[in-house]
Amino acid sequence: MLTDLEKHVLAHIDEELVIRWTQTMVRMDSVPRPGRKDVETEVAQWVKARCQEIGLETHFEWAAPGRPNVIALWRGSEGHRRLLFEGHTDVVTEGDPNAWHYDPFGGEIVNNRIYGRGACDMKGGLAAAMGAIKALVDSGVHLRGDILFAALADEEGLMLGVKDFVRRGWAEKVTAAIVCEPEDNRLCIAQKGVMWVDVCTRGKMAHGAMPFTGLNPITRMARFLTAAEDLEDEYRSRYGTHPYLGAPSISPTRIHAPEEEHGTNNVIPGTCRATLDIRLIPGQDPDQVLDDLNNAAEKVAERYEMFTIEFTTIDARPPTETPREEPVVQALAQAFRDVTGKEPEYGGVPGSTDGTILAHWAGVPVVTCGPGNTFLPHQVDEYLDIDQLLTATRLYAVAAMRYLGVVEEGR
């Protein structure tokens, strides 16, 4: 049951403002495009201004050239805990704008939905977190711990923003994090890890009419990718299926021969490259995966007298799993019951979020919980359900009070 003080805080949520904030951020194009130097700068500066208006101690930092982080702090009375609300300001490409029924950067409201690239993933989550913090500040409530808010760069890429956030020491005092990614406001207490591996097979260029004078790296790559598929099957037998995350996977996502750019149909290239997108579940270790890939390559090498293959790890983020007994999970679950009148639904994140870095680099317990359809990000006609947006705002406010504790009403 909500307390009188919690009801008092919820009464300070400005729903129209949270909706308007979401629309405003959606209208700011923060897509990393070729040659673009300032990806998130416009939206980050806007977020910084809003945090300052709320009255937060606000910091603007460069995670990389043109890639800014915004970090804002509201200090509690005793500081025994620090709760982080985290999200990102970059969004993926809109693709062909003509494929959209609505302007991808219009932020239009149709049938109680906000349409546009990033509405779901995840500018709505940022607006909900800011709206909840504003309501807490405006209500005059005194919390026992601190609230840290982070709007970070490059989550859709190499996660430069959260890595810089951790390196600078911002995560050192964080005792729990709520990652505001779109998960239908489910309590996602596990998330898959990811490895991106560049694979290169080397051969010898030759005329296509005389293949015996060269070594074809494409056929060798094909054999290796088949072995990688067999390894995926082995992983599913070895590690099983996670109740929230499903099975591990190994997916080739790119394959090309660099010489193709300047070659012709009758040239056997000297090299072939492929990218593997490997999704991990708890129990898997990235180093072991690399060992397994090397073993798979050795089996392919048995077929060929000459076989050269190289692996380069582009990025690796282990999977995460947070026990239901963690205080932040308990606080969110209780808040969900009292805010919605329903039992919370637990789940797992099918992709990888900044939370993987927070968990493994800084040891922070992470729950991913935010507004937006789990399966909608990166699609044409992306939208955010306004009811979910406002529910998340209420949920964040109450969960913060319950996780951090209240010193006094201070009305």
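Reading the sequence shown from the start, the letters are residues 4 to 414 in my numbering.
The beta carbon of each residue, even a glycine, is placed where N, CA and C say it ideally should be.
Taking the alpha-carbon positions, what's the residue i to residue j distance?
{"i": "H381", "j": "V94", "result": "8 Å"}
{"i": "E313", "j": "C203", "result": "5 Å"}
{"i": "L163", "j": "P214", "result": "44 Å"}
{"i": "G286", "j": "Y242", "result": "7 Å"}
{"i": "R258", "j": "P220", "result": "This sequence places Ile at residue 258; Arg is not what is there. Rounded to whole angstroms, I258 to P220 spans 12 Å at the Cα level."}
{"i": "R116", "j": "Y247", "result": "28 Å"}
{"i": "R327", "j": "L335", "result": "10 Å"}
{"i": "G160", "j": "A209", "result": "37 Å"}
{"i": "T175", "j": "R85", "result": "One detail in the question is off: residue 175 reads as Glu in this sequence, not Thr. So the alpha carbons of these two residues sit roughly 10 Å apart."}
{"i": "I271", "j": "K195", "result": "38 Å"}
{"i": "V342", "j": "L13", "result": "10 Å"}
{"i": "D236", "j": "F378", "result": "25 Å"}
{"i": "T61", "j": "T244", "result": "43 Å"}
{"i": "F310", "j": "V200", "result": "19 Å"}
{"i": "F227", "j": "G98", "result": "32 Å"}
{"i": "E110", "j": "V50", "result": "Reading off the sequence shown, one finds Gly at residue 110, where the question assumed Glu. Cα to Cα, the separation comes out at about 17 Å."}
{"i": "E45", "j": "T27", "result": "11 Å"}
{"i": "P251", "j": "P289", "result": "12 Å"}
{"i": "T178", "j": "S240", "result": "36 Å"}
{"i": "A277", "j": "G128", "result": "34 Å"}
{"i": "V21", "j": "I136", "result": "11 Å"}
{"i": "N268", "j": "D280", "result": "29 Å"}
{"i": "G79", "j": "E56", "result": "18 Å"}
{"i": "N101", "j": "R205", "result": "41 Å"}
{"i": "E232", "j": "E308", "result": "23 Å"}
{"i": "I284", "j": "V331", "result": "22 Å"}
{"i": "W364", "j": "A212", "result": "53 Å"}
{"i": "M224", "j": "Y238", "result": "21 Å"}
Across which residues does DSSP place residue i in a beta bridge pair?
{"i": "H62", "result": "I74"}
{"i": "D233", "result": "Note: D233 sits in no beta bridge, so no partner."}
{"i": "A300", "result": "DSSP lists no partner for A300."}
{"i": "G351", "result": "A193"}
{"i": "D388", "result": "R116"}
{"i": "C275", "result": "T204"}
{"i": "A336", "result": "Answer by DSSP bridge pairing: none, since A336 is not bridged."}
{"i": "R257", "result": "T278"}
When DSSP labels each residue in this structure, what does residue i get in the three-state scheme?
{"i": "G249", "result": "strand"}
{"i": "F152", "result": "strand"}
{"i": "P326", "result": "coil"}
{"i": "P196", "result": "Before going on, a small fix: residue 196 reads as Gly here, not Pro. Correct three-state label for G196: strand."}
{"i": "R306", "result": "coil"}
{"i": "C203", "result": "strand"}
{"i": "A14", "result": "coil"}
{"i": "I57", "result": "helix"}
{"i": "D32", "result": "coil"}
{"i": "E313", "result": "strand"}
{"i": "L8", "result": "helix"}
{"i": "V144", "result": "coil"}
{"i": "D294", "result": "helix"}
{"i": "T216", "result": "helix"}
{"i": "S240", "result": "helix"}
{"i": "H1", "result": "Lying outside 4 to 414, the shown extent of the chain, residue 1 is not represented and no answer is given."}
{"i": "T267", "result": "coil"}
{"i": "R414", "result": "Residue placement at R414 is flagged as unreliable, the pLDDT there being 42, under the threshold of 50; the coordinate-derived value follows with that caveat. Here R414 sits in coil by DSSP."}
{"i": "A417", "result": "Given a span of 4 to 414 for the chain in the structure shown, any question on residue 417 remains unanswerable."}
{"i": "L161", "result": "coil"}
{"i": "T418", "result": "With the chain represented from 4 up to 414, any question about residue 418 goes unanswered, as that position is not in the structure."}
Item to check | Stretch-stretch touch, CB-based, cutoff 8 Å, three pairs: the region 120-140 with the region 22-37 | outcome: yes
Checklist entry - Given 8 Å as the limit, is there contact between the region 160-180 and the region 94-105, that is, 3 or more CB pairs closer than that? => result no
Item to check | Completely contained alpha helix (DSSP H) runs for the region 83-142, where each covers 4 or more residues | outcome: 127-142
Checklist entry - Counting pairs of Cβ atoms below 8 Å between the region 362-371 and the region 187-201, do you hit three or more? => result yes
Checklist entry - Does the region 316-331 come close enough to the region 345-359 to have 3 or more Cβ pairs within less than 8 Å? => result yes
Checklist entry - Three or more beta-carbon pairs under 8 Å between the region 65-76 and the region 338-351, yes or no? => result no
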